[in-house]
Amino acid sequence: DGNYRVQVDARKQNGQKVGASSVIEGVVSDVVFASGGTIITINGKPYSIDQVIGVKQTI
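Under the working numbering, think of the first position of the sequence shown as 680, with each following residue one higher.
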């Protein structure tokens, strides 16, 4: 729990990279292991863990 700054790649559902990565700041509310992958929920929006480039906890 807590606030994090997360950098994610912009990718299509097929994994193809589209555009530049973005930085999201917010609360990680859930991490789910399903369908052979990991989904992290930040500010209520799910992201594939494969998109995550870096994570930094903020206070």
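Beta carbons: idealized from backbone N, C-alpha and C, even for Gly. None of the values given here were measured: they were computed from a predicted structure.
- Here the alpha carbon of V685 sits roughly 23 Å from the alpha carbon of S714.
- In this structure, I721 lies near V707, with their beta-carbon atoms less than 9 Å apart.
- For Q695, the secondary structure class from DSSP, reduced to helix, strand or coil, is coil.
- Between G705 and Y726, the C-beta spacing is not below 9 Å.
- If you compare the alpha carbons of V702, D709 and V710 with that of T737, the shortest gap goes to V702.
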